[in-house]
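In this text, residue positions in the sequence shown follow my numbering: the first is 736, and each later residue adds one. So the structure is just underneath, and the comments pick up after that.
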Amino acid sequence: MDPITCITNRRSIRAFQDKPVSQDLLREIIATACWSPSYKNSQPWQVLVVSGEKKEGLSQMMVDLLDNGTPPEPDLPAPESWPEAEQARIDYLMAKRRELTGMDLTDPSVVARAKKANFCFYGAPHAIYLYQDSSLSSWSLFDLGLFAQSLMLAAHAKGLGTVPQGFVTDYSQAIKKYLDISEHNRLVLGLSVGYPDMTAPANGYRTERSPMEEIVSFVE
Ligand SMILES: Cc1cc2nc3c(=O)[nH]c(=O)nc-3n(C[C@H](O)[C@H](O)[C@H](O)COP(=O)(O)O)c2cc1C
736 MDPITCITNR RSIRAFQDKP VSQDLLREII ATACWSPSYK NSQPWQVLVV SGEKKEGLSQ
796 MMVDLLDNGT PPEPDLPAPE SWPEAEQARI DYLMAKRREL TGMDLTDPSV VARAKKANFC
856 FYGAPHAIYL YQDSSLSSWS LFDLGLFAQS LMLAAHAKGL GTVPQGFVTD YSQAIKKYLD
916 ISEHNRLVLG LSVGYPDMTA PANGYRTERS PMEEIVSFVE
């Protein structure tokens with residue numbers, strides 16, 4: 736797959752085939768992502784692949800915490816508000832989802848259901864957590880974002896599907912304890928990984944992008 740097609744065809748995958756990915760292939764996509772650039776080549780990324788019973792136990796733990804009403808405590812707090820342009824794009828996505836699925840994501844019971852689907856990694860056979868030392872600067876968060884995109888593109892090029900998930904860091908303290916990740920790290924992102932089920936309605940919607948004119952200027 737050529738890189739331009741890989742970038743423009745990737746999409747978040749939220750339904751997976753019941754088929755594990757070999758450890759060799761998982762290692763290959765992670766090794767590819769390690770070629771991402773980083774500030775002074777500091778490579779501020781740590782990766783944990785969670786599969787099998789450990790993943791099932793993690794999903795159950797997050798579902799139980801939600802059902803118990805435990806307040807989320809992600810290491811990277813969710814934004815409380817957005818500037819106008821970004822908020823308008825979010826509103827557009829929510830309206831589109833409501834139109835296609837009938838699900839109203841302002842309804843707390845719908846949000847709880849959506850969170851549980853996230854916590855179960857949308858049925859994917861593997862979860863990948865990205866984390867780093869909490870003392871690292873914002874530049875290292877930026878670097879980890881580059882790593883995440885490389886990982887998703889490498890996976891896509893190999894026929895795998897992924898979805899980046901902020902939600903699966905909601906209970907960061909409990910998750911780090913369960914996964915034996917030292918407390919001085921921040922959990923930045925989780926991803927579901929597996930072979931996509933492209934017949935599933937959950938994978939039917941392709942998000943759009945705002946016209947490029949909204950974001951680019953040229954000066955000479
Ligand atoms: C940092 C980050 C966090 C995200 N968190 C979630 C999440 O918790 N659950 C989810 O289903 N999708 C999540 N997404 C996926 C976005 O909704 C998705 O990337 C966006 O709608 C664009 O769609 P696309 O990835 O199909 O191009 C997240 C994406 C990013 C980059």
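For glycine and all other residues, C-beta sits at the position ideal for the given N, C-alpha and C.
Reduced DSSP category for residue i - H, G, I as helix; E, B as strand; rest coil
| i | result |
| --- | --- |
| H957 | Absent from the model: residue 957. The displayed extent of the chain is 736 to 955, so no value can be given. |
| R921 | strand |
| I742 | helix |
| G896 | strand |
| P931 | strand |
| D915 | coil |
| F751 | strand |
| V845 | helix |
| A852 | helix |
Rounded C-alpha distance that separates residue i from residue j
| i | j | result |
| --- | --- | --- |
| Y940 | G925 | 21 Å |
| A872 | A890 | Sequence check: residue 872 is Ser here, not Ala. In a straight line, the C-alpha of S872 is about 28 Å away from that of A890. |
| R749 | E955 | 43 Å |
| D932 | F877 | 31 Å |
| I825 | R944 | 11 Å |
| Y774 | D868 | 15 Å |
| M736 | M829 | 31 Å |
| Q752 | V898 | 14 Å |
| L888 | S786 | 21 Å |
Assumed close pair residue i, residue j - CB separation to whole angstroms, cut-off 8 Å
| i | j | result |
| --- | --- | --- |
| K754 | L801 | Not quite, the Cβ-Cβ distance comes to about 28 Å (not below 8 Å), so this is no contact. |
| G792 | H861 | So it is not a contact: roughly 14 Å between Cβ atoms. |
Near ligand 1: residue i beta-carbon under 6 Å from a heavy atom
| i | result |
| --- | --- |
| S747 | yes |
| G901 | yes |
| N938 | no |
| N853 | yes |
| V898 | yes |
| T904 | no |
Residue-chain proximity (residue i, chain C), Cβ-Cβ < 7 Å
| i | result |
| --- | --- |
| L888 | The chain labelled as chain C is not found in the depicted structure, where only one protein chain is given. |
- Could you tell me which uninterrupted beta strand (DSSP E) segments, each at least 3 residues in length, are contained entirely in the region 759-840, listed from first to last along the chain? Within the region 759-840, the complete beta strand (DSSP E) runs of at least 3 residues fall at 781-786.
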